[in-house]
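*Asks:*
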Amino acid sequence: MSRIDDLIQELCPDGVGVLALGEVCSIETGKLDANAAVPTGDYSFFTTAKIVSRIENYRWNTEALLIAGNANVGDVKHFVGKFDAYQRTYVLTEFTTAVIPRFLYYVVKSRFKDYLSDKTNTAAMTYIVLGTLKNFQIPLPPLEVQREIVSILDKFTELEAELEAELEARTQQYIYLREKLLNFSDRTDVNLKLSQACLRISSGGTPSRSIESYFQGDIPWVRTQEVDFGEIWETDLKISEEALKNSSANWIPANTVILALYGATAAKSAITRIPVTTNQACCNLVVDESIAYPEFVFHWLMANYEEIKSLGQGTQSNLNAQMVKNLDFPAIPLSDQKSILDVLEAFDSITKSLKTGLPAEIVARRKQYEYYRDQLLTFKELKPA
Numbered sequence: 000m001s002r003i004d005d006l007i008q009e010l011c012p013d014g015v016g017v018l019a020l021g022e023v024c025s026i027e028t029g030k031l032d033a034n035a036a037v038p039t040g041d042y043s044f045f046t047t048a049k050i051v052s053r054i055e056n057y058r059w060n061t062e063a064l065l066i067a068g069n070a071n072v073g074d075v076k077h078f079v080g081k082f083d084a085y086q087r088t089y090v091l092t093e094f095t096t097a098v099i100p101r102f103l104y105y106v107v108k109s110r111f112k113d114y115l116s117d118k119t120n121t122a123a124m125t126y127i128v129l130g131t132l133k134n135f136q137i138p139l140p141p142l143e144v145q146r147e148i149v150s151i152l153d154k155f156t157e158l159e160a161e162l163e164a165e166l167e168a169r170t171q172q173y174i175y176l177r178e179k180l181l182n183f184s185d186r187t188d189v190n191l192k193l194s195q196a197c198l199r200i201s202s203g204g205t206p207s208r209s210i211e212s213y214f215q216g217d218i219p220w221v222r223t224q225e226v227d228f229g230e231i232w233e234t235d236l237k238i239s240e241e242a243l244k245n246s247s248a249n250w251i252p253a254n255t256v257i258l259a260l261y262g263a264t265a266a267k268s269a270i271t272r273i274p275v276t277t278n279q280a281c282c283n284l285v286v287d288e289s290i291a292y293p294e295f296v297f298h299w300l301m302a303n304y305e306e307i308k309s310l311g312q313g314t315q316s317n318l319n320a321q322m323v324k325n326l327d328f329p330a331i332p333l334s335d336q337k338s339i340l341d342v343l344e345a346f347d348s349i350t351k352s353l354k355t356g357l358p359a360e361i362v363a364r365r366k367q368y369e370y371y372r373d374q375l376l377t378f379k380e381l382k383p384a
């Protein structure tokens, strides 16, 4: 920070000027519908989504800031190259020589959403009006100060990106290993129907929402949004004994494997580590442990998620219990299952520190970045002569 302090003291000791965003760049919107995106397109296509799409043709070939005008309102991206944009995306180009676009990106990213919040009385801004965008105030320190700020903030951004890439690489490595170990497509001698490897396959039920007391008990109740490739040690909601008696919900034991039948998590699985009850969208597999380890079934379902999901019907790939019962299950010897589980557990133990440590470090770095960003982008305003 001393380098910045020295520059400010040397170049702008009395403060910095402020201009409206519309005075430092050209602002327009794209002209295309969001469905103009083509997955195999050669060029970037900016919509209001956080993920950048692709398109076959381009309208701009320049440096730009892209601001989401609705949906993810105020989300901003910096891009250099050939691209096109959705009609609700604001495109900022033709920057004056007084501002470095990357510096402007950090200012908008840091302050614009708070500015929008101050301009609306609603809980959430649903779209941006052009006049509101143009009037957003930009501090303009000398270019040398802007460059130094960009250099510092870019280093924070690059470090966070490296940590996120490392986390993603470890995750993909684990998924690859699991799928390789659990691929038995070349063996037809061990296949059973999944129902033959289970003592019981059942679903649950939802107590009446109109009776408030039903959801004031201490019985764990699982909903499909909690079925997300993990262990279930607790649940968001609890139900009462009365609710249990007056609904289709029923107890399932610890180490039951759950497969979501429909909803946003359709075809995802989880394994219970405590006795629980569930809603009707959960397919609950009480595994016959003389045939399979519950953990083996759980990992096998995870490894075959895409294939199982493809069996579903409708826009949300809805499954039913009969589909689950008829899945071909590789009933390999328990000793072989144990060997596979040991490898997966060993690999997981090696990477567990990364799985927990990296996200924590990313959060810490992000907080550090936000602190320095706010400090670096706070200037004394130059008083009018």
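Per numbering that gives the first Met the number 0, the very first residue in the sequence shown carries number 0; after that it's consecutive. Backbone N, C-alpha and C define an ideal beta-carbon position, used for all residues, glycine too.
In angstroms with no decimal places, state the Cα-to-Cα distance between Val189 and Leu326.
*Replies:* In the sequence shown, counting from the first residue as 1, residue 189 sits at position 190. In the sequence shown, counting from the first residue as 1, residue 326 sits at position 327. In a straight line, the C-alpha of Val189 is about 13 angstroms away from that of Leu326.
*Asks:* In the DSSP assignment, what residue or residues form a beta bridge with His77?
*Replies:* In the sequence shown, residue 77 corresponds to position 78, counting from 1. According to DSSP, His77 bridges with Leu64.
*Asks:* Which of helix, strand or coil does DSSP assign to Gln136?
*Replies:* Start at 1 with the first residue of the sequence shown, and residue 136 comes out as number 137. Three-state result, Gln136: strand.
*Asks:* When DSSP labels each residue in this structure, what does Asp235 get in the three-state scheme?
*Replies:* Reading the sequence shown from its first residue, position 236 is the one you call residue 235. Note: Asp235 maps to coil in three-state DSSP.
*Asks:* May I have the straight-line CA-CA distance separating Glu147 from Leu31, to the nearest angstrom?
*Replies:* If you number the sequence shown from 1, residue 147 lands on position 148. If you number the sequence shown from 1, residue 31 lands on position 32. The alpha-carbon atoms of Glu147 and Leu31 are separated by roughly 37 angstroms.
*Asks:* Mind checking whether Pro293 and Asn254 have CB atoms under 8 angstroms apart?
*Replies:* The sequence position of residue 293 within the sequence shown is 294, counting from 1. The sequence position of residue 254 within the sequence shown is 255, counting from 1. For Pro293 and Asn254, yes; Cβs fall inside 8 angstroms.
*Asks:* For Val75 versus Val107, is the C-beta distance shorter than 8 angstroms?
*Replies:* The residue given as residue 75 occupies position 76 in the sequence shown. The residue given as residue 107 occupies position 108 in the sequence shown. It is a contact, given that the beta carbons lie within the stated cut-off.
*Asks:* Can you tell me which residues form a DSSP beta bridge with Pro219?
*Replies:* Your numbering for residue 219 matches position 220 in the sequence shown. DSSP lists Lys237 as the bridge partner or partners of Pro219.
*Asks:* Using three-state DSSP, classify Asp83 as helix, strand or coil.
*Replies:* In the sequence shown, residue 83 corresponds to position 84, counting from 1. Here Asp83 sits in strand by DSSP.
*Asks:* Can you tell me which residues form a DSSP beta bridge with Lys192?
*Replies:* On the sequence shown, residue 192 is found 193 positions in, with the first residue counted as 1. Note: Lys192 sits in a beta bridge opposite Asp327.
*Asks:* Do Arg58 and Asn69 come within 8 angstroms of each other at the CB atom, strictly closer than that value?
*Replies:* The sequence position of residue 69 within the sequence shown is 70, counting from 1. The sequence position of residue 58 within the sequence shown is 59, counting from 1. Taking 8 angstroms as the Cβ cut-off, Asn69 and Arg58 do not qualify as a contacting pair.
*Asks:* Here's the rule I'm using: 16 or more other beta-carbon atoms within 10 Å means buried, otherwise exposed. How should Val362 be labelled?
*Replies:* As a working note, residue 362 is residue 363 in the sequence shown. By the neighbour-count rule (16 or more Cβ atoms within 10 Å), Val362 is not buried but exposed.
*Asks:* By the 10 Å Cβ neighbour count, where 16 or more other Cβ atoms means buried, how is Ser150 classified, buried or exposed?
*Replies:* Numbered from its first residue, the sequence shown carries residue 150 at position 151. So Ser150 counts as exposed.
*Asks:* Starting from Ile26 and walking both ways along the beta strand (DSSP E), at which residues does that stretch end?
*Replies:* Stepping through the sequence shown from its first residue, residue 26 is reached at position 27. Run containing Ile26: Ser25 to Thr28, per the beta strand (DSSP E) assignment.
*Asks:* Does the beta-carbon of Tyr105 have 16 or more other beta-carbons within 10 angstroms, so that it is buried, or is it exposed?
*Replies:* Within the sequence shown, residue 105 is the residue found at index 106, counting from 1. Tyr105 comes out buried.
*Asks:* So, using beta-carbon positions, are Ile200 and Cys282 closer together than 8 angstroms?
*Replies:* Along the sequence shown, read from residue 1 onward, the residue named residue 200 stands at position 201. Along the sequence shown, read from residue 1 onward, the residue named residue 282 stands at position 283. With a cutoff of 8 angstroms on beta-carbon distance, Ile200 and Cys282 are scored as near each other.
*Asks:* What residue range is occupied by the uninterrupted alpha helix (DSSP H) comprising Phe155?
*Replies:* Here residue 155 refers to the residue found at position 156 when the sequence shown is read from its first residue. Note, Phe155: alpha helix (DSSP H), Leu142 to Leu180.
*Asks:* Report the three-state DSSP secondary structure of Gln312 (helix, strand or coil).
*Replies:* Locating residue 312 in the sequence shown gives position 313, where the first residue counts as 1. DSSP places Gln312 in strand when its eight states are reduced to three.
*Asks:* Could you work out which residue in Thr170, Ser43 and Ser194 is closest to Ile290 when comparing CA atoms only?
*Replies:* As a first step, residue 290 is located in the sequence shown; it is residue number 291 there, counting from the start. For Ile290, the nearest C-alpha among the options comes from Ser194.
*Asks:* Could you check which residue in Ala330, Ser268 and Gln312 has the C-alpha nearest to that of Tyr304?
*Replies:* Translated into positions along the sequence shown, residue 304 becomes position 305. Answer by Cα proximity: Ser268.
*Asks:* Apart from the five residues just before and just after Asp227, which ones in its own chain have a Cβ nearer than 8 angstroms to its Cβ?
*Replies:* The sequence position of residue 227 within the sequence shown is 228, counting from 1. Within the same chain, Asp227 has close Cβ partners Thr264, Lys267 and Ala269.
*Asks:* Take the Cβ of Val23 as the centre, count every other Cβ of all protein chains shown within 10 Å, and call the residue buried at 16 or more, exposed below.
*Replies:* If you number the sequence shown from 1, residue 23 lands on position 24. By the neighbour-count rule (16 or more Cβ atoms within 10 Å), Val23 is buried.
*Asks:* Considering only the alpha carbon of each residue, which of Met322, Trp299, Met301 and Tyr213 lies closest to Leu310?
*Replies:* As a working note, residue 310 is residue 311 in the sequence shown. The option with the nearest alpha carbon to Leu310 is Met322.
*Asks:* Pop quiz: Leu236 and Pro141 are said to be a contact at Cβ under 8 angstroms. What is the actual Cβ separation, rounded to whole angstroms?
*Replies:* Position 237 of the sequence shown, counted from the first residue, corresponds to residue 236. Position 142 of the sequence shown, counted from the first residue, corresponds to residue 141. About 57 angstroms; that fails the 8 angstroms criterion.
*Asks:* Assuming the contact rule is C-beta atoms closer than 8 angstroms, Ile251 and Val285 should be a hit. Round their C-beta distance to whole Å, please.
*Replies:* If you number the sequence shown from 1, residue 251 lands on position 252. If you number the sequence shown from 1, residue 285 lands on position 286. Yes, Ile251 and Val285 are in contact; Cβ-Cβ is about 7 angstroms, under 8 angstroms.
*Asks:* If you draw a straight line from the C-alpha of Val128 to the C-alpha of Lys49, how long is it?
*Replies:* Residue 128 sits at position 129 when you count from the first residue of the sequence shown. Residue 49 sits at position 50 when you count from the first residue of the sequence shown. So the two alpha carbons sit approximately 20 angstroms from each other.
*Asks:* Leaving out the 5 sequence neighbours to the left and right, which residues in its chain are closer than 7 angstroms to Arg101 when beta-carbon positions are compared?
*Replies:* If you number the sequence shown from 1, residue 101 lands on position 102. Excluding positions up to five away in sequence, the list reads His77 and Val149.
*Asks:* Going by Cα to Cα distance, which pick from Ala242, Ser239, Glu288 and Glu233 is closest to Pro274?
*Replies:* Within the sequence shown, numbered from 1, the residue matching residue 274 stands at position 275. Considering only alpha carbons, the answer is Glu233.
*Asks:* Contact check, Asp83 vs Phe44 under 8 angstroms by CB: the rounded distance?
*Replies:* The residue labelled residue 83 in the question sits at position 84 within the sequence shown. The residue labelled residue 44 in the question sits at position 45 within the sequence shown. Right, their Cβ atoms sit about 5 angstroms apart.
*Asks:* Return yes when the Cβ of Asn278 is within less than 8 angstroms of the Cβ of Gly229, no when it is not.
*Replies:* As a first step, residue 229 is located in the sequence shown; it is residue number 230 there, counting from the start. As a first step, residue 278 is located in the sequence shown; it is residue number 279 there, counting from the start. Gly229 places its beta carbon 8 angstroms or farther from that of Asn278.
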